[in-house]
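As structure tokens, the structure follows; a few thoughts come after it.
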Amino acid sequence: MSKLLVLCEGPNEKKIVELLLRDNRLLFNTEDLIGLVPYHARQLDSPVVQSALNMYSGPFDIYRIGDTQTDKLRIPGHLKSRIGSISKICTKPELEILLIINENLIHVWQRSGKRPKDFAKKEIQFQRRRYDNSSQFYEEYYGRRIDLLIENLKEYKRTKRHDRDELFLADFIRE
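In my numbering, the protein residues as written are 404 to 578.
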């Protein structure tokens with residue numbers, strides 16, 4: 404298997420991947436990752452990604468994780484021959500949909516007309532702490548409840564639709 408370069412659109416997507424890696428719940432593990440970590444980056448020209456790719460000279464596959472997958476991945480010429488595949492793993496409309504699913508508020512959210520992030524900030528609380536769009540909130544919410552995170556990812560896959568070329572994070576869960 405080629406090494407993997409995991410690019411996460413935001414710090415919260417990165418946190419979710421880190422939680423799943425920490426509990427060994429993904430089809431890949433940290434040893435499979437270039438630099439042993441997922442990266443908070445949308446493009447290959449991110450300095451931290453460039454540094455990691457400079458230290459690893461072999462072939463690799465790319466997993467892009469995020470809610471907006473419309474921007475095209477810019478691939479520098481010197482990397483083209485090293486990239487095996489590029490997979491889009493989508494979390495649209497927004498990652499907060501997982502919290503909304505878990506709190507059984509999907510129908511309330513749908514009627515609200517609000518973006519999931521705005522709805523979650525108003526309606527989601529955990530241990531008397533209101534959702535604040537921080538990675539720390541996801542750590543506290545799912546960190547000791549990985550099975551709950553996996554249930555939410557699977558329910559998201561069951562109820563949401565993506566473009567044909569987009570995968571779900573649930574597709575990478577170890578059974």
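Each residue gets a CB set at the ideal place from its N, CA and C atoms; glycine is no exception.
Within the DSSP secondary-structure output, Lys491 pairs in a beta bridge with Arg467, Glu569. With 16 or more neighbouring CB atoms inside 10 Å of its own CB, Arg445 falls in the buried class. Bounds of the alpha helix (DSSP H) holding Lys560 are 549-562. In the structure shown, Lys524 falls within a helical segment according to DSSP collapsed to helix, strand and coil. Within 10 angstroms of the beta-carbon of Asp464 lie 16 or more other beta-carbons, which makes it buried. Cα atoms of Asn505 and Asp535: separation of roughly 17 Å, rounded to the nearest angstrom.
C-alpha of Lys520 to C-alpha of Arg467: approximately 20 Å in a straight line.
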